[in-house]
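The structure under discussion appears below in the form of structure tokens.
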Amino acid sequence: MFYKLVALLALPILVVQGRQVRKRAGKLPEAIGERQGSTNDSTKPPLGILIIGDSAAAGVGASHQNTALLGQLVNNLKNDFNLSWTLVARTGAQTQDLSKMLDSAKLGNTVDIVVTSLGVNDVTSLQRAKHWLDEQNKLHQYCFQTLGAKHIIISGMPPMHKFPLLPEPLRWILGSRAKEFDSLQAINSGKCINKTYEPLAFNMDKSAMAIDGFHPGPRIYRQWGLNLSERIICVAKTLPNRTETSI
35 MFYKLVALLA
45 LPILVVQGRQ
55 VRKRAGKLPE
65 AIGERQGSTN
75 DSTKPPLGIL
85 IIGDSAAAGV
95 GASHQNTALL
105 GQLVNNLKND
115 FNLSWTLVAR
125 TGAQTQDLSK
135 MLDSAKLGNT
145 VDIVVTSLGV
155 NDVTSLQRAK
165 HWLDEQNKLH
175 QYCFQTLGAK
185 HIIISGMPPM
195 HKFPLLPEPL
205 RWILGSRAKE
215 FDSLQAINSG
225 KCINKTYEPL
235 AFNMDKSAMA
245 IDGFHPGPRI
255 YRQWGLNLSE
265 RIICVAKTLP
275 NRTETSI
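Letter 177 of the sequence shown, counting from 1, is numbered 211 in our numbering, and no numbers are missing.
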């Protein structure tokens, strides 16, 4: 791809810009708050969700999990389901890190649907797309075989070519890589009936982002959570019935 040639020619500039971005993007903390819970409402159908991923999944850019992605999902789903939820996420996490993170987490809730928010750190690490897809498939198999997940919803890559924090030409190059990775994961997810790709199909302007210009702000978390909640509700209707949750 053309961006790869440009990246090679601009490598010295990109190295300097990358170091500057890492210093600025790593200053915001992950959202505080509980990462596991349940509604304990046996009058509703049970549903266990597991959110896994990077700093966006961890709620960087929101002050509390209640206003981050996890809180938005819980708030949108709690009226329809006897909901149990767990969040396993960490700033800087790449796809290849998640299996070990999940092993360490010792999950206590039943997992019906997994929601993933991954890829940005894979893009910035400059690993090859094929390696990333291989790691993604390994993670998905872990979720299905080890955790017993019934469905995985893959959240699309953010439009990195619009991130205010990133200077040019770094913004264009990382944005081009993100588009490539996103297209590949969309195609890859379409090969399995138990996977659904959910694009980030909403405006991500500067005023809606966190103050660092790299992470989501509360408005983005709200819209992101709404879109994913609608997808989860659709997917949940196709799952086999379950009579109880294990808490």
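Yeah, the Cβ is synthetic: ideal placement off N, Cα and C, and Gly gets one too.
Sequence-distant residues of the same chain with beta carbon closer than 7 Å to residue i, five excluded per side
i	result
Q130	E169
E278	Low local confidence applies: a pLDDT of 48 at E278 is under 50, so the model's placement there is unreliable, and no value is given.
R256	Q106
Alpha-carbon to alpha-carbon, residue j and residue i
i	j	result
A235	C226	22 Å
R162	P201	23 Å
K229	A220	10 Å
L117	L132	23 Å
I83	K164	28 Å
D75	H195	43 Å
T77	N275	14 Å
T150	W206	25 Å
L158	K61	For the record, residue 158 in the displayed sequence is Thr; it is not Leu. T158 and K61: Cα-Cα distance of roughly 17 Å.
Residue burial classification, residue i (beta-carbon count within 10 angstroms, cutoff 16)
i	result
C177	buried
T120	buried
G95	buried
S280	Confidence at S280 is low in this model, with a pLDDT of 40, below 50, so its placement is unreliable and the value that follows should be read with caution. Exposed, by the Cβ-count rule.
E264	exposed
P192	buried
T144	buried
First through last residue of the beta strand (DSSP E) which encompasses residue i
i	result
I66	I66 -> no beta strand (DSSP E), and no H or E assigned at all.
L117	N116 to A123
V148	I147 to S151
Contacts around residue i, its chain only, beta-carbon distance under 6 Å, and the 5 residues preceding and following it disregarded
i	result
A242	G251, R253 and I254
Residue i - containing alpha helix (DSSP H), residue span
i	result
S89	S89 to A92
I221	L204 to S223
H165	A163 to Q179
V108	L103 to L111
Same chain, Cβ closer than 8 Å to residue i, neighbours up to 5 away in sequence not counted
i	result
L260	Q106 and N110
Nearest to residue i (by Cα), restricted to the options the options
i	options	result
I188	D216, K196 and T180	D216
D239	L218, E232 and H249	H249
L173	L273, I86, C268 and A65	I86
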